[in-house]
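What follows is one structure encoded as structure tokens, with my remarks underneath.
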Ligand code: SF4
């Protein structure tokens, strides 16, 4: 109080107490957001692109489609003439569902839902895929980048969604980039989320730099033998490491406005797999040491057998004289156990991570 002038001291003693100007007035709702991650306001990055950068991005997008190197499959195909592993061409994207979605993290879905676009096709072939009917098959309707931009505007204006959430978009990055640029000219104002398996190429992420506000990478497994067997991909782990580092370099740690809605940064997901908690622990240690101890992490527990897991094998074997049908991927044909989830969580805390997507001890709100 020593530095306050007399009139101000008198005002401070008034029963309504005037706050000194340096004391932030924090509305009740934002209590819980550390000040370093609290934004006063936010303008999406695509709004800040110059017209020169926009023209460069458009021309790079078309170049990628003529010789595709968007993911580590490096098919090198001209997608105007043929398709690669992801099965999707150049002129359109295949979309299965577009709708406000309330199944995401609270800071992403908010009050009105996340404006989600579920793309059909994928550059991975996870044997346990929980969206296998759309990811492993071409299943949906075709949209040009201009038509997709129209849908972004509908999600913003009619759905009142907090963001545009591009789900499994790794194989359609050029079309997505073109649609964001078109939508910005039409009046899009909400943040863009890139919701990815992390099997992205650095060239692809470079094209997205300046267009995406929130990266939502899923870091799936740690061992190459596991990615080969369960994701049907070589080099997944090293690709995910490079991708997550590049994403974090672009947008940093996750930040929110005072209503608790995420606006910018990386939200990293890891789905704990049965019997693979050792890999989850390695991932947490690597993230803390190589990306950021302030990384916002969602350690997910909702694994359930799906797609090829648990399906009957063609052969049977005799056990104790009885003929028994064998199932495929029997080792992951179950839900995870509490101790598996706990061991990944403990490793994350021991490594220095502290920002987790989970409810407070008193169940009153989510950590932000
Ligand atoms: S995005 Fe598709 S075509 Fe391009 S490299 Fe990956 S799998 Fe191949």
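In UniProt numbering, the protein residues as written are 1 to 368. Note that the Cβ used here is the ideal one computed from N, Cα and C, for glycine as well. Small disclaimer: the values here were computed from a predicted structure and weren't measured.
Measure the alpha-carbon distance for residue i versus residue j and round it to whole angstroms.
i           : j           : result
residue 269 : residue 80  : 34 Å
residue 57  : residue 145 : 14 Å
residue 171 : residue 71  : 7 Å
residue 127 : residue 209 : 31 Å
residue 234 : residue 123 : 12 Å
residue 344 : residue 273 : 10 Å
residue 258 : residue 108 : 14 Å
residue 96  : residue 134 : 7 Å
residue 311 : residue 275 : 19 Å
residue 91  : residue 267 : 31 Å
residue 197 : residue 220 : 7 Å
residue 29  : residue 293 : Here residue 29 scores only 45 on pLDDT, less than 50, and its place in the model should not be relied on; the value that follows carries that caveat. Rounded to whole angstroms, residue 29 to residue 293 spans 25 Å at the Cα level.
residue 138 : residue 130 : 16 Å
residue 175 : residue 110 : 27 Å
residue 241 : residue 159 : 35 Å
residue 192 : residue 161 : 11 Å
residue 297 : residue 52  : 36 Å
residue 306 : residue 288 : 31 Å
residue 151 : residue 339 : 43 Å
residue 55  : residue 93  : 21 Å
residue 200 : residue 119 : 15 Å
residue 202 : residue 63  : 15 Å
residue 244 : residue 168 : 15 Å
residue 69  : residue 239 : 13 Å
residue 125 : residue 329 : 14 Å
residue 106 : residue 155 : 18 Å
residue 281 : residue 185 : 44 Å
residue 47  : residue 40  : 17 Å
residue 190 : residue 112 : 13 Å
residue 295 : residue 286 : 12 Å
residue 104 : residue 252 : 20 Å
residue 237 : residue 229 : 13 Å
residue 231 : residue 157 : 38 Å
residue 356 : residue 277 : 17 Å
With a 10 Å radius around its C-beta and 16 neighbouring C-beta atoms as the bar for buried, classify residue i as buried or exposed.
i           : result
residue 225 : exposed
residue 314 : exposed
residue 187 : exposed
residue 35  : exposed
residue 342 : exposed
residue 22  : Here residue 22 scores only 39 on pLDDT, less than 50, and its place in the model should not be relied on; the value that follows carries that caveat. With fewer than 16 Cβ atoms within 10 Å of its Cβ, residue 22 is classed as exposed.
residue 182 : buried
residue 141 : exposed
residue 290 : exposed
residue 7   : The predicted position of residue 7 is uncertain, since its pLDDT is 36 and thus under 50; a value taken from the coordinates is nonetheless stated next. The residue is exposed, with fewer than 16 neighbouring Cβ atoms inside 10 Å.
residue 326 : exposed
residue 43  : exposed
residue 358 : exposed
residue 19  : Residue placement at residue 19 cannot be trusted, given a pLDDT of 37 that sits under 50; the coordinates are not used to answer.
residue 27  : At residue 27, the pLDDT of 44 sits below 50, so the modelled position is not reliable; the number obtained from the coordinates is stated separately. With fewer than 16 other Cβ atoms within 10 Å, it is exposed.
residue 10  : With a pLDDT of only 38 at residue 10, under the threshold of 50, the placement of this residue in the model should not be trusted; the figure read from the coordinates follows. Exposed, because fewer than 16 other Cβ atoms sit within 10 Å of the Cβ of residue 10.
Just to confirm before moving on: does the CB-CB distance between residue i and residue j stay below 7 Å?
i           : j           : result
residue 121 : residue 166 : no
residue 66  : residue 85  : no
residue 177 : residue 205 : no
residue 32  : residue 368 : yes
residue 101 : residue 116 : yes
residue 213 : residue 249 : no
residue 60  : residue 207 : yes
residue 284 : residue 351 : yes
residue 76  : residue 83  : no
residue 279 : residue 222 : yes
residue 163 : residue 114 : yes
residue 349 : residue 332 : no
Which one or two residues does DSSP pair with residue i in a beta bridge?
i           : result
residue 165 : 116 and 193
residue 312 : 327
residue 338 : DSSP output for residue 338 lists no bridge partner at all.
residue 267 : 296
residue 215 : 194 and 266
residue 245 : Its beta-bridge partners do not exist; DSSP assigns none.
residue 100 : 115
residue 257 : 39
residue 95  : 119 and 141
residue 355 : 296
Our contact map puts residue i next to residue j with C-beta atoms below 8 Å; I'd like the distance itself, whole angstroms only.
i           : j           : result
residue 216 : residue 195 : 4 Å
residue 336 : residue 303 : 5 Å
residue 38  : residue 256 : 6 Å
residue 179 : residue 148 : 4 Å
residue 271 : residue 218 : 7 Å
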